[in-house]
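These notes concern the structure reproduced below.
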Ligand SMILES: [Zn+2]
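Residue numbers (the numbering used here): 378 to 859.
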């Protein structure tokens with residue numbers, strides 16, 4: 378990561394047939410922290426953070442119809458729920474793309490024409506098993522007892538004219554690109570999974586269009602008016618249309634993506650389909666970061682179980698910054714784990730009220746009492762801790778490193794007992810040095826926390842660098858009852 382001069386970060390575009398939940402929030406928070414970190418390293422203007430919504434498809438049209446509104450009205454509503462949720466969570470995205478944006482649709486048409494010109498697209502008959510719920514053809518090997526395992530329904534046999542993308546032509550090249558590191562996939566286990574997928578040769582050419590009878594809410598295929606563009610090219614190309622591919626200055630500056638964040642269930646599309654499309658267009662390949670699957674309080678999140686959590690509910694209770702902390706501190710990036718929402722308040726009181734908040738109170742109170750609020754902030758350490766961890770996507774570990782410093786501060790106070798030193802004038806120098814060290818470490822904590830808790834960090838920096846340091850009237854983190 379030497380000589381890094383730009384950083385382009387994306388989340389997947391979220392499908393509007395779903396409401397924003399903690400799963401979407403997790404991916405978006407990862408991207409947000411990384412974006413904030415790189416802005417502090419290479420400047421705001423050199424970081425581009427994109428998120429948005431995927432708004433086409435038969436399921437969207439169906440949902441709109443059920444509500445008696447047009448698909449456009451429906452997607453306007455749900456897309457706004459996503460963008461509002463991210464505002465509420467203080468997400469710092471530079472742009473929010475919608476696949477119904479005119480600019481995006483026009484760019485997709487141009488991309489399709491280019492792919493056709495290059496011979497990557499051909500017309501054919503598709504015979505297959507189609508699950509209406511999944512909105513896609515599924516293979517025999519995916520069936521359980523002859524049924525789609527996600528929908529517990531028998532798929533229909535379907536033949537229709539489609540236009541196809543010649544995925545087969547690109548598979549050997551993709552394999553090579555993964556092996557050489559030209560296409561970066563992190564973590565390593567996911568990279569091996571993709572290589573395994575290619576070796577198994579179960580990756581047929583994929584449809585890029587569907588008949589209008591099957592999908593009537595989408596972009597028109599430019600050269601065949603019986604067809605609508607099917608999901609993959611429309612959705613995946615958002616990552617370049619947002620940058621005004623092919624001639625936009627953002628595209629020239631920011632592509633390839635330095636971090637496409639995604640969940641495991643869309644790995645195949647990002648690690649196989651997407652590089653193939655990019656190769657066909659002669660565009661360099663991005664880096665993929667695949668995060669782990671998590672359960673909530675030991676259960677899989679599902680509408681049936683009723684344990685789907687809206688990020689707005691967490692923000693109402695904890696505020697945006699603490700919500701981010703509570704989610705990211707639960708488990709390491711890339712691993713599969715459990716988020717203990719039940720214990721969020723307990724964790725908040727332990728780490729933020731009793732840990733950081735208590736240290737802030739103790740240190741500022743003692744500076745106010747024993748040093749008349751005078752501390753030399755010019756001497757503060759301006760380093761941050763946890764930066765290497767963030768660069769390596771070890772977000773939880775970065776937080777643990779910061780918290781070690783907080784624990785060290787609280788332990789040092791318990792050990793040195795400044796209130797006893799203060800009793801004797803002879804200890805004045807020692808007391809001064811101790812409080813200076815504690816304040817400086819706290820300043821490091823504040824700087825290091827900026828990507829995670831920007832406004833709390835700023836608040837703390839303001840307190841510590843004031844002309845006269847005094848204990849804050851309101852605690853930084855008020856205690857919550859469990
Ligand atoms: Zn299904």
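Glycine included, every Cβ here is placed at the ideal spot set by N, Cα and C.
Inset, instruction - Evaluate the contact criterion for the segment 783-792 versus the segment 728-735: three or more CB pairs, one atom per stretch, below 8 angstroms. - result: yes
Inset, instruction - Please say whether residue 586 and residue 616 have beta carbons closer to each other than 8 angstroms? - result: no
Legend entry - beta strand (DSSP E) segment containing residue 535, residue limits: 533-542
Inset, instruction - Can you tell me the Cβ-Cβ gap for residue 702 and residue 830, rounded? I've got them flagged as a contact below 8 angstroms. - result: 6 angstroms
Legend entry - Meets three-Cβ-pair contact criterion under 8 angstroms: the segment 527-546 and the segment 557-575: no
Legend entry - DSSP-derived helix/strand/coil call for residue 604: strand
Inset, instruction - Compare the beta carbon distance of residue 406 and residue 705 with 8 angstroms and say whether it is the shorter of the two. - result: yes
Inset, instruction - Take the Cβ of residue 568 as the centre, count every other Cβ of all protein chains shown within 10 Å, and call the residue buried at 16 or more, exposed below. - result: buried
Inset, instruction - Alpha carbon to alpha carbon, how far is residue 721 from residue 674? Give it in angstroms, no decimals. - result: 11 angstroms
Legend entry - Contact under 8 angstroms by Cβ, residue 467 with residue 836: no
Legend entry - Ordered list of alpha helix (DSSP H) runs contained in the segment 400-488, each at least 4 residues: 435-443 and 448-465
Legend entry - C-alpha gap between residue 758 and residue 741, whole angstroms: 17 angstroms
Legend entry - Rounded separation between residue 459 and residue 409 - CA only: 15 angstroms
Inset, instruction - Find out if the Cβ-Cβ distance for the pair residue 875, residue 840 is shorter than 8 angstroms. - result: With the chain covering 378 to 859 only, the question about residue 875 has no answer from this structure.
Inset, instruction - Just the C-alpha distance for residue 578 and residue 712, rounded to the nearest angstrom, thanks. - result: 27 angstroms
Inset, instruction - Drop a sphere of 10 angstroms on the beta-carbon of residue 919, count the other beta-carbons inside from all chains shown, and report buried for 16 or more, exposed for fewer. - result: No information on residue 919 is available, as it lies outside the stretch 378 to 859 that the chain covers here.
Legend entry - CB of residue 481 within 8 angstroms of CB of residue 508, strictly: no
Legend entry - Where residue 832 falls: helix, strand or coil (DSSP): helix
Inset, instruction - Confirm, please, whether the CB-CB distance from residue 846 to residue 744 is below 8 angstroms. - result: yes
Legend entry - Cα-Cα separation between residue 663 and residue 610, rounded to whole angstroms: 16 angstroms
Inset, instruction - Just the C-alpha distance for residue 726 and residue 695, rounded to the nearest angstrom, thanks. - result: 11 angstroms
Inset, instruction - Examine ligand 1 and report whether any of its heavy atoms sits within less than 7 angstroms of the Cβ of residue 461. - result: no
Inset, instruction - Say whether chain B places a C-beta atom closer than 8 angstroms to the C-beta of residue 708. - result: As a matter of chain content, chain B is missing from the structure shown, which is built from one protein chain.
Inset, instruction - Report whether the distance from the Cβ of residue 400 to the nearest heavy atom of ligand 1 is below 7 angstroms. - result: no
Legend entry - Reduced DSSP category for residue 666 - H, G, I as helix; E, B as strand; rest coil: strand
Inset, instruction - Might you give, ordered along the chain, the residues of its own chain that have their beta carbon closer than 7 angstroms to the beta carbon of residue 437, omitting 5 neighbours on each side? - result: 393, 394, 448, 451, 452 and 594
Inset, instruction - Determine the extent of the alpha helix (DSSP H) in which residue 616 is found, giving its start and end residues. - result: 615-618
Legend entry - Three-state secondary structure (DSSP) of residue 818: helix
Inset, instruction - Label residue 485 either buried or exposed according to how many other C-beta atoms from any shown protein chain fall within 10 Å of its C-beta, with 16 as the threshold for buried. - result: buried
Legend entry - Pairwise C-alpha distance: residue 624 and residue 469: 26 angstroms
Legend entry - Per DSSP, cross-strand counterpart(s) of residue 806: In the DSSP output, where bridge partners are listed per residue, residue 806 has none listed.
Inset, instruction - May I ask whether a heavy atom of ligand 1 can be found less than 7 angstroms away from the beta carbon of residue 675? - result: no
Legend entry - Closer than 5 angstroms to ligand 1: residues, by C-beta to nearest heavy atom, in chain order: 508, 510, 511, 525, 527 and 528
Legend entry - Within 8 angstroms, strictly: CB atoms of residue 476 and residue 390: yes
Inset, instruction - For residue 495, count neighbouring C-beta atoms within 10 Å of its own C-beta (all shown protein chains included) and say buried if the count is 16 or more, exposed if not. - result: exposed
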